[in-house]
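Data block below; observations after.
There are 2 protein chains.
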Amino acid sequence: MAVAILAAATTMAQTTKKSFTLNDLLGGGTTYWNLQPKYMFTSWWGETPLELTVDEVKTLKGGKSQTLFTAEALNTALGEKLIRSCTNLTFPYADQPLAKVQTAKEIVLIDFQKKAVVWRGAIQEGASELVWNKESRAMAYCIGSNVFVQKADGTRRQLTSDGDDDIVYGHSVSRDEFGISNGLFWSPDGQRLAFYKKDQRRIPSYPQVDITQRIAATTVDKYPMAGCETEDVSVAVYDVATDKTVWLQNPKPMTDYMTNLSWAPDGKKLYVFELNRDQNFMQLFGYDAATGQKDAEPLVEEKHPKYVEPLHVLVFLPWDATKAVMQTRRDNWNHLWLIDLKKKMYPEWHEAQGGGTTCDHVKTTLLTPGDFEVRDFIGFNEKTKNALFTGNVTHPLHHTLWSASVSGKGKMKLLSAGEGVHSATLSSTGAQIIDTYSSPTVTRKVELIQTKDAKSLNLLTAEDPWKDYNVPEITGGSIKAADGVTDLYYRLIKPVGFDASKKYPTVVYVYGGPHAHNVQASRGYYFRGWEIYMAQLGYVVFVLDNRGSQYRGLKFEQATFRHLGDEEMKDQMCGVEFIKTLPYVDANRLGVHGWSFGGFMTTNLMCTYPDVFKVGVAGGPVIDWKYYEVMYGERYMDRPDENAEGYASSSLLPKAKNLKGRLQIIFGYNDPTCVPQHTLSFIRACIDAGTQPDLFTYPGDGHNMFGTDQVHLHERITRYFEDYLK
Amino acid sequence: MAVAILAAATTMAQTTKKSFTLNDLLGGGTTYWNLQPKYMFTSWWGETPLELTVDEVKTLKGGKSQTLFTAEALNTALGEKLIRSCTNLTFPYADQPLAKVQTAKEIVLIDFQKKAVVWRGAIQEGASELVWNKESRAMAYCIGSNVFVQKADGTRRQLTSDGDDDIVYGHSVSRDEFGISNGLFWSPDGQRLAFYKKDQRRIPSYPQVDITQRIAATTVDKYPMAGCETEDVSVAVYDVATDKTVWLQNPKPMTDYMTNLSWAPDGKKLYVFELNRDQNFMQLFGYDAATGQKDAEPLVEEKHPKYVEPLHVLVFLPWDATKAVMQTRRDNWNHLWLIDLKKKMYPEWHEAQGGGTTCDHVKTTLLTPGDFEVRDFIGFNEKTKNALFTGNVTHPLHHTLWSASVSGKGKMKLLSAGEGVHSATLSSTGAQIIDTYSSPTVTRKVELIQTKDAKSLNLLTAEDPWKDYNVPEITGGSIKAADGVTDLYYRLIKPVGFDASKKYPTVVYVYGGPHAHNVQASRGYYFRGWEIYMAQLGYVVFVLDNRGSQYRGLKFEQATFRHLGDEEMKDQMCGVEFIKTLPYVDANRLGVHGWSFGGFMTTNLMCTYPDVFKVGVAGGPVIDWKYYEVMYGERYMDRPDENAEGYASSSLLPKAKNLKGRLQIIFGYNDPTCVPQHTLSFIRACIDAGTQPDLFTYPGDGHNMFGTDQVHLHERITRYFEDYLK
């Protein structure tokens, strides 16, 4: 069942090879970057591929590297050190020799041929959320919770003035769910700015304590918990020319979600994916950007007895502003669909393959048919009229690069190597792609690909940075899920210096929640550095993506609906049954570790299967979904009053009494995601039940630890297994 | 050096004896009371000693037990179940057959001879801090932060109305330091009520987080940190007859301390021990209770280069209202001093033996001369004109019962057995005492003592409740302090089944701070139940009272001034040197445990002597005195701006980097005494320094754990030593 092997030569004389430190293996480690595969910083200037180094910008036309300019020469000519590193430059204009530098203080456009500054705009002090539009060269940004616009000539307008901790303009809303990550949206021509307003007056502030103050004090952290009061969201459009702001006239409850704001190419319309609080009814509506008037009719509608989750903006065809591509999992798989805004349909509700129903008011066409998921929609080749994307078309673990005909009824073509996990950046017209990928047998490659005919040119083949190190064997494989039919994929890491006749302590690393996966066909099957460290210390590490995880379709994900944890654990126990069949796994020394949803899983597994797992380390766990936030929590669990049974049975508080093995829970003391109430409630429940978990916290840290804290954390996790599992 | 042995028979066949559980040994344990020495609930009705049981009240005249009344008979006669347990009754009137019952709802006076209720007063719902005066039968109490008085006839007055979280009337002030424990003070005749006002508007609220709310929320906890803004205190007097309130006219800064409010017998004057914020200048002033007018001149004044600490009220002689007894350590030892308020002196400052200076404006006379401390001042024998007290007169560890002539120039007489630690309750005229005591050889005795001639009658001799158990050997002894001259006393517990040829892991239990001691000549040298448990598991336990601890005089205590921790640790290291000389102590397996100041000591010892202690458990520690409160903290450390060096060198934050052994810190998540900022700052410092302490917290608990939490805690502490020290 093993698919491939990262390091073939574990039988070599290991005494001559080096061992890793945690600093070598963790992103926050001091020596991490010394041991990473070589990387190439690339960019596009129109159709010219560029390589960016600290000192210079090189063109890579035809794979041939040629200096375009050096930072030093340009800085000297400009008489000021504007460019500190060329890796920070962008080239926004396909047809102009302009490089853009953005510092904390200004944005500068440099003509690198004439060696002259052609434009510069100062950034107001304290500005955040800054978005610059290359057409109008206007900036939009926030100072605190208010929105400002600064035109190319430097004149400023403050668009809102009543922003504070409660009323927030121009920032992301809905806790970054539904694909939302910002709150300022320029129209393509930079003449209109859409922005969010979030009214969170009804939401209590979770008491996050800042211990670095002279006397500890709380900071404001509005946290809407499942079933509780939530935020009101609305959207405004500011018109630079008229200096007027209009509000989108949406009669729906303001607690509904307004997601994935999408501008029409001409900036006259703004499209919004609207979702009810129950998250089971989505409508895509257009609004008149000049008046805020809502269209009488939606473009498309989707319902689902479990949930609908819009995650992507509409992307209009560069050559036809009446058509756009949307992404939806209405047929189970995340696919590209073409919407023809002009071609009206009689609106009827139809069953969809994803288990829900859809009602299209305009014509929609599936562009990427097949039992796979589109991972990243990259853009279009404007000439060949193809949509370009990565997706796991041929195998769930391999995310390769494809084109699909926009007009040609699902004709798809592989553009990249057929293995590995690819990410791509597109030239201005989409004629070329720079593709970076790795696979269990490819450390890293960068290819320049012609999207028309898939011709490729190798730009970089990174050598194995670990060739002088003792590297454990990493294999991938699959087992059946608890449902008996679904394939689940795993990664298995054997101890360094593996001896098949020995029995090793074994740690299951787990996440298990939606929108994430731990196994894919990239280098080392997507290993985490800590696993290598554990293998070096003599542990087997096993990682399995259970049902509910990412890129396996909607039904796979929704198997967990309303009872998070249950199916996920059943699948993980299939994994445990599997590893128990391995002669070198010591079933009496099984450990489990996970963070966040994986912390929930770890704690749950320790308390549900107390005789299976001897040691666990749970990080930033969810303990009771009622303490999790509205947007994510209610999607998977509904509201507590609608799903009392599910909340009760998925809560770990009643399971605290079952704890038998050693469980250490670790949390960021200022975790704004899984707030400390989770862990502390569990600790309280254990105390009341007479069980003895262990505990640690990182004061000042949030949901995750970075830098030296990350190294400290993994020393700590490792020590716990060393103390109790060895 | 060993002084005595608790259990002589450790060589007996141990298989036939039982072992303890933590529930047997800890106050919060479910079976604790089953294994405690027999106790006798006693009380006084005038000169009649009483024994109170649940069912009845018995007289003990001449040691002869005779039923006075039964609860059942009285309840039946009264037609209502007023008395639930006779142990809750008091007998406030020496000359009337009245028993007082106080429930949550009312106070009732029952004539137990006539079997009739003679008075009852309802308690207003929500009342706290209730103080009842037996003469006027008026109640004073608080509802929230406001003061109310209810007269014997049930009529009520609300004395204040602007009380809230910031302005607090009628409650204790100064964080219960300086002997303050309440905020309402009836004059002896119950016609006037003195009460405190605390204005804490300038003090920030420490963010204590209540995780039991649906969404965690902070509670108000005004916490003045050393050197920061503190509370303003003032005192009012309400006159029941005139229904008027006057405020004491004190021109001193309101941040000064007003402590130990003492009424003159006639209720016309109120005496206040006044102390500046620096706590090095104390004045005893009288105020006119009718006008609030302050006397022009104080009665006595004390200064000290380190600090003065008034801890006790003035107690007037029952037979002479012009004289009172005060307690002071002006001559190093806490002693009783007679103040003759009428005998004016020319005020001159004199050096005092305690290291400070005094200035008496009236005549003062030392009543209890000698190098010992008065522990409890019990009262007077009115006929013989003697003051009665317990004190360590003959040996620092033995607190025996004495009388001292009020007029007779220091003539003192031993009233009790000459060994052990005694506590006493006095009959109405002081002719008799009920004395309860234990010693290393006496499990518990209760004696009825005539204070005139020390004649005593045994009321109870409790047998050893542990005779069926394997009990470790407990010895006491002394070593020299780090100064080479001072005697320090210790308790040493050997493992159950001790084998002199073995080497045992050894745990030092430590407190080390002022106003507390761990070793005295009571049962088992004042052992803590957990020590017995550890001895049962095969540990040696060693407990030493270092300089700075209680009942050894002012200089002994003040050795630590401005650099808490330093001298204390030096002394503890003398203890370590001593136990290292014991052949059965394994110097490679030394642990240390302590709570609060002892948590400070434990963390400090772990980080200062990282090669000495392998394992430590520190509970609710002080980490940096700047996070401790004004009243206690500034007494011993001055303000941070006055003693920057002392605060810096006593802070454990810079020592976090030295941590080498295993240290678990445990704190009450809602600790209002050593606020969590202490522990969390240390944890942060360790993370930054790359050291790895362990951590646990008890959500909802304060500075200490009680009940089942106490058992859980000690399971946890024990497990830590079992994991890492064995």
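Residue numbers (the working numbering), protein chains in the order written: chain F, 23 to 748; chain Y, 23 to 748. Beta carbons: idealized from backbone N, C-alpha and C, even for Gly.
Asked, Found
"Suppose contacts are defined by Cβ-Cβ distances below 7 Å. Is V335 (chain F) in contact with I361 (chain F) by that definition?", "no"
"Where T730 (chain F) and D723 (chain F) are concerned, what is the direct C-alpha to C-alpha distance, given to the nearest angstrom?", "12 Å"
"Please report whether the beta-carbon of E744 (chain Y) lies at a distance below 7 Å from any beta-carbon of chain F.", "no"
"Between which two residues does the alpha helix (DSSP H) holding L297 (chain Y) run?", "Counting along the chain, L297 (chain Y) falls outside any alpha helix (DSSP H), though it belongs to the beta strand (DSSP E) covering K291 to L297."
"Which ranges does the beta strand (DSSP E) cover as unbroken runs of at least 3 residues, wholly within the segment 417–453 of chain Y, from first to last along the chain?", "420–427, 434–436 and 443–448"
"Going along chain Y in order, which residues have a C-beta closer than 7 Å to the C-beta of I709 (chain F)?", "Y720, D731 and H734"
"Could you work out which residue in Y:K577, Y:L576, Y:P517 and Y:T582 is closest to G560 (chain Y) when comparing CA atoms only?", "Y:P517"
"Distance, Cα to Cα, H537 (chain Y) vs K60 (chain Y)?", "28 Å"
"Go through its chain and collect everything with a Cβ distance to G51 (chain F)'s Cβ below 7 Å, but skip five positions before and after it.", "L44, N45 and V733"
"Under a CB-based cut-off of 7 Å, is V231 (chain Y) close to chain F?", "yes"
"Helix or strand or just coil, what does DSSP make of E253 (chain F)?", "coil"
"Please go through the same chain and pick out, in chain order, the residues whose beta-carbon is closer than 6 Å to the beta-carbon of T458 (chain Y), but skip the five residues on each side of it.", "S445 and V468"
"Assuming G376 (chain F) and T390 (chain F) are in contact, meaning their beta carbons sit under 8 Å apart, how far apart are those beta carbons, in whole angstroms?", "Actually they do not touch by this definition, with Cβ atoms about 14 Å apart."
"With a floor of 3 residues, list each beta strand (DSSP E) that falls wholly inside the segment 110–170 of chain F, ordered by position along the chain.", "120–124, 128–133, 138–144, 149–154 and 161–165"
"Would you identify the three-state DSSP class for S284 (chain Y), choosing helix, strand or coil?", "strand"
"Which value, in whole angstroms, describes the spacing of the CA atoms of T267 (chain F) and D221 (chain F)?", "18 Å"
"Check whether chain Y comes within 7 Å of T240 (chain F), counting only Cβ atoms and requiring the distance to be less than that.", "yes"
"In chain Y, what lies closer than 8 Å to P287 (chain F) by C-beta?", "Neighbours of P287 (chain F) on chain Y: none; closest Cβ ~44 Å, over 8 Å."
"With distances taken from CA atoms, which of F:D398, F:V415, F:F394 and F:A426 is nearest T387 (chain F)?", "F:A426"
"Where do the N-terminal and C-terminal ends of the alpha helix (DSSP H) with E199 (chain F) fall, by residue?", "Counting along the chain, E199 (chain F) falls outside any alpha helix (DSSP H), and DSSP gives it neither H nor E."
"Check W359 (chain Y) in the structure and name its three-state DSSP category.", "strand"
"If you draw a straight line from the C-alpha of K679 (chain F) to the C-alpha of K524 (chain F), how long is it?", "35 Å"
"Starting from R684 (chain Y), follow the beta strand (DSSP E) in both directions and report where the run begins and ends.", "R684 to G690"
"Check whether the segment 105–121 of chain Y touches the segment 74–90 of chain Y, counting contact only when three or more Cβ pairs, one atom from each stretch, lie closer than 8 Å.", "yes"
"Figure out for me which residue from F:Q146, F:L104 and F:S150 has the closest Cα to the Cα of L131 (chain F).", "F:L104"
"I need the DSSP call for E651 (chain Y), collapsed to helix, strand or coil.", "strand"
"Taking only the alpha-carbon atoms, compute the straight-line gap between G668 (chain Y) and D660 (chain Y) and give it to the nearest angstrom.", "9 Å"
"Suppose you measure from the CA of K316 (chain Y) to the CA of N272 (chain Y); what does that come to, to the nearest Å?", "7 Å"
"For Y720 (chain F), which of helix, strand or coil comes out of DSSP?", "strand"
"Output yes if chain Y places a C-beta closer than 7 Å to the C-beta of P226 (chain F); else output no.", "yes"
"Check the DSSP bridge columns for W371 (chain F) and list the partner residues they point to.", "F:C381"
"With DSSP as the reference, label A258 (chain Y) as helix, strand or coil.", "strand"
"Between A160 (chain F) and A174 (chain F), what straight-line distance do the alpha-carbon atoms span, to the nearest angstrom?", "5 Å"
"What first and last residue would you give for the beta strand (DSSP E) that runs through E737 (chain Y)?", "No beta strand (DSSP E) contains E737 (chain Y), which is instead part of the alpha helix (DSSP H) from G729 to Y746."
"Can you find a CB in chain Y that lies within less than 7 Å of the CB of L681 (chain F)?", "no"
"Can you tell me whether H372 (chain F) is buried or exposed, with buried defined as 16 or more other CB within 10 angstroms of its CB?", "exposed"
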